[in-house]
Structures are given as C-alpha cells and as structure tokens.
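Residue numbers (my numbering), protein chains in the order written: chain A, 12 to 204; chain B, 12 to 204.
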C-alpha cells in the first residue's frame with residue numbers, strides 16, 4: 012500500500028537498523044484516515060476468504076483490525092488480552108507470546124465463549140516480525156477448533172522470519188507494508204498485493 | 012442512545028447489582044456496526060466542541076474512540092497506555108488510576124510528543140463509574156497545558172459518582188447509555204442527549 016510505505020518513510024523512526032518506531036501514526040497516536048484506508052485495503056484483499064470474525068491482540072493492532080472488520084461487512088471483532096488467564100478454570104484459551112522488542116514471554120487469552128468450533132477467523136495485527144504474536148493467535152484459533160482463513164498485517168519485517176513460519180502452516184499472509192530489509196538506516200520494501 | 016440501551020438489556024450481564032459485563036459486544040468481542048453508530052452519535056454531540064484530538068486509554072475504549080475520531084473528520088486519536096513510564100526521564104506524562112473492578116491502582120502514560128499545549132482534547136472511554144479513568148486522562152491533558160473540551164462515554168453508571176467529579180471541573184459529560192441505578196437485577200436508564 013503505497014500511501015502507508017510513504018508514511019513510514021516520512022514519519023517512521025528506524026533505530027540501529029533493528030527497530031522501526033511508528034508511534035506517531037500507528038502505535039500510540041493513530042492516524043484515523045490512514046487506518047480506515049488500511050482496513051478497506053485488507054478487506055478488499057480478504058473479501059473472498061470466507062471470514063466470519065476478525066481476531067487481533069491488544070492494543071495497537073486494534074484500530075486496523077476494527078477498520079478491516081468494518082469493511083468486511085461489520086464482522087464481529089475479537090481481541091485477545093495480554094493478561095494472565097482468569098482464575099475461572101476452563102473459561103479461556105491461552106497461548107504464550109514472546110515479545111521481540113521487550114524480550115519477555117507473555118500469555119494472551121481469549122474467552123472460549125467468543126471463539127467457537129467452525130468459525131473462520133481472519134487474524135489482523137499491526138506488526139509481523141518473528142511471527143510470535145500471530146502464531147499465538149493462531150494457537151488460540153486452533154485450540155477452539157476454528158479455522159484461520161488468513162493473516163492480514165499492517166507492517167511486516169519479512170527478514171525476521173514470521174511470514175515463513177505462517178506460510179509453512181499453509182496460511183495466506185498479506186502485509187500492507189512489506190519490509191524486506193533495514194540497511195544503513197534505509198527501509199527497503201518488497202512486493203505487496 | 013436507544014439501540015445501545017436495548018443491547019445492554021439484551022446482552023449485558025448484571026452481577027450482584029454491582030458489575031455490568033458487556034463482554035459480548037464492547038469489552039472483549041466488539042460489535043463493529045454498533046460501535047460505528049456510537050462513534051457517529053458522539054461525533055454529532057461533540058461536533059461543535061472544537062476538539063482537535065481524541066484521547067482514550069487502552070484497551071476497550073479504543074474502538075468507540077476510533078469511531079468518534081473518524082466521524083469528527085478523522086481527528087488524530089491518542090491512547091494512554093496502562094504501563095509504567097518509560098525509563099527515558101521526562102518523555103511521558105503519567106497519572107494514577109484506581110480500577111473499580113480490580114481494586115488496584117495503575118499508572119497510565121502518554122508521550123509528551125503527542126499531547127501539546129493548546130490542543131483541544133475530547134476524552135472518550137467505554138465506561139464512566141467512579142471517574143478514575145477519566146480523571147486520570149484529564150490529569151494528563153492538564154499536565155500538557157492542553158484543554159479538555161468534553162468527555163464522551165459509552166456506558167455511565169452515574170450513581171458511582173464519576174459524573175459529579177467531572178462536572179465539578181466544568182466539563183461537559185455525555186454518555187450514550189446513562190445508567191442511574193442497578194436495582195434487584197434490573198438496569199435503570201436516565202436521560203441521554
């Protein structure tokens with residue numbers, strides 16, 4: 012998505028060819044107009060996926076996931092919480108996610124009530140790097156006996172291996188800004204649908 | 012907002028005349044169509060507020076705040092994080108918020124970069140009860156030398172006192188579902204604009 016790539020080049024901050032900060036329009040302050048267009052684009056790409064529900068993980072994936080759900084015909088939007096499971100045994104599905112930037116492992120959870128066998132789930136998140144968050148969400152989907160029909164990502168750092176892990180599982184992965192390398196302070200983009 | 016009140020009566024779960032759970036359409040799984048209409052309604056109510064930015068706190072206030080920002084002409088949307096301040100001294104404004112349901116006190120923070128003197132901030136959140144979260148957000152706004160031009164709430168429990176505290180500060184508070192009492196397992200609604 013050209014407009015997103017341009018915005019990343021304009022306002023993204025690349026630190027030590029390793030961490031890309033997009034706080035000013037995605038992670039902290041949200042550019043609502045751009046996010047709405049991102050949702051429209053992900054909805055266009057996944058319109059024939061058969062998705063019955065959109066799943067994301069709090070917090071910063073939520074706006075793009077919301078916009079995607081809206082343009083897929085107001086699908087229900089479910090978000091996994093980054094928190095220890097409820098003490099009520101058996102109420103939640105839980106998975107473990109390793110944070111790339113913070114170097115910690117955290118549980119995510121979703122209520123069993125809202126993830127049912129047979130549902131077709133589109134995962135949407137803001138970043139795909141090592142794939143940890145998306146794999147955690149996929150784990151929740153599989154525990155529920157639901158089916159993941161695709162993974163829609165705002166910004167992908169392909170060189171961190173997440174795409175390969177998801178594609179190995181037969182999943183369609185589409186990112187709106189597909190970054191192939193950080194090199195000498197420059198961001199290199201690859202193909203996007 | 013009639014449609015929201017009806018949905019609360021249909022799908023809300025009232026526990027011990029004290030806690031209202033709306034997990035199935037606001038807090039965990041989001042009804043995108045309803046949320047979009049809530050944003051449209053809050054935008055209608057605050058269209059003359061002069062707001063230049065919408066502020067909320069993660070996580071479940073985010074969808075309604077997003078929709079409100081969208082219908083206010085794609086205003087930037089800022090969300091405070093529930094996390095300890097960055098170690099970078101002076102990078103954030105922070106405030107303390109006491110959670111009514113969880114009975115703990117947590118810091119919220121927002122980067123100084125995105126909250127500037129002179130900005131006109133509309134606070135949007137999913138719940139107003141004791142007012143702790145809204146007062147925390149207001150504290151951040153005041154620390155920045157910005158101005159709060161209103162507080163838009165999805166569900167208010169007026170009897171918990173939050174409205175009174177905010178109105179004492181001269182703020183306009185509007186809730187889409189204005190609950191005046193929980194009584195014998197019944198939810199009583201008051202006036203909504």
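Ideal Cβ positions, reconstructed from N, Cα and C, are used throughout, including at glycine.
- By the neighbour-count criterion, in which a residue is buried when 16 or more other Cβ atoms sit within 10 angstroms of its Cβ, residue 162 of chain B is buried.
- Apart from the 5 residues on each side of it in sequence, residue 117 of chain A sits with its Cβ closer than 6 Å to the Cβ of 93, 108 in its chain, given in chain order.
- As a beta-bridge residue in DSSP terms, residue 107 of chain A pairs with A:118.
- The beta carbon of residue 47 of chain B lies closer than 6 Å to those of 78 in the same chain, with the five residues before and after it left out.
- As DSSP reads the structure, residue 64 of chain B sits in a beta bridge with B:132.
- Within the stretch 26 to 57 of chain B, contact with chain A at the beta-carbon level (separation under 8 Å) is assigned to 34, 35, 39, 40, 41, 42, 43, 44, 46, 47.
- The continuous stretches of alpha helix (DSSP H) do not include residue 72 of chain B, and DSSP gives it neither H nor E.
- 8 Å or more divides the Cβ of residue 185 of chain B from the Cβ of residue 119 of chain B.
- Scanning its chain for C-beta atoms nearer than 6 Å, with the 5 sequence neighbours on each side dropped, one finds around residue 33 of chain B the residues 23, in chain order.
- The three-state reading of DSSP puts residue 34 of chain A in helix, counting H, G and I together.
- In the three-state reduction of the DSSP assignment, residue 124 of chain B falls in the helix class.
- Residues of the stretch 151 to 178 of chain A with a C-beta less than 9 Å from any C-beta of chain B: none at all.
- Contact annotation: residue 12 of chain A and residue 203 of chain A have beta-carbon atoms nearer than 8 Å.
- Between residue 142 of chain A and residue 177 of chain A the beta-carbon gap is near 6 Å, inside 8 Å, which marks them as a contact.
- The continuous alpha helix (DSSP H) containing residue 144 of chain A extends over residues 143 to 154.
- With the criterion set as a beta carbon lying under 8 Å from some beta carbon of chain B, the members of the stretch 80 to 105 of chain A are 80, 81, 85, 86, 87, 88, 89, 90, 92, in sequence order.
- With the criterion set as a beta carbon lying under 7 Å from some beta carbon of chain B, the members of the stretch 114 to 129 of chain A are 122, 125, in sequence order.
- The bridge partners DSSP lists for residue 199 of chain B are B:192.
- With fewer than 16 other beta carbons inside 10 angstroms of its own, residue 20 of chain A counts as exposed.
- Per DSSP, reduced to three states, the secondary structure at residue 59 of chain A is coil, with no helix or strand assignment.
- The criterion of a C-beta distance shorter than 8 Å is not satisfied by residue 124 of chain A and residue 63 of chain A.
- Contact annotation: residue 133 of chain A and residue 57 of chain A have beta-carbon atoms nearer than 8 Å.
- In the three-state DSSP reduction, residue 170 of chain A falls in the helix class (H, G or I).
- For residue 69 of chain A, the neighbours in chain B by C-beta distance under 7 Å run, in chain order, 69, 70.
- Assigned with DSSP and collapsed to three states, residue 157 of chain A falls in coil, not helix or strand.
- The residues 189, 190, 191, 201, in chain order, have a CB closer than 7 Å to that of residue 169 of chain B in the same chain once the five nearest residues on each side in sequence are set aside.
- At a C-beta separation below 9 Å, residue 139 of chain A has no neighbours in chain B, since its nearest C-beta there lies roughly 20 Å away.
- With a beta-carbon spacing of about 4 Å, residue 140 of chain B and residue 171 of chain B fall inside the 8 Å limit used to define contacts.
- Across the structure, residue 198 of chain B and residue 51 of chain A are spaced so that their CA atoms are roughly 38 Å apart.
- Excluding its 5 nearest sequence neighbours in each direction, residue 14 of chain B has C-beta neighbours in its own chain below 8 Å: 45, 48, listed in chain order.
- Below the 7 Å Cβ cutoff, chain A contributes no neighbours of residue 202 of chain B, its closest Cβ being approximately 29 Å away.
- In this structure, residue 66 of chain A and residue 165 of chain A do not form a Cβ contact; the two beta carbons are roughly 15 Å apart against a cut-off of 8 Å.
- Under the DSSP assignment, residue 88 of chain B falls in the beta strand (DSSP E) whose first and last residues are 88 to 91.
- Residue range 24 to 26 is occupied by the beta strand (DSSP E) that includes residue 25 of chain A.
- Looking at the DSSP output, residue 41 of chain A sits in a beta bridge with B:88.
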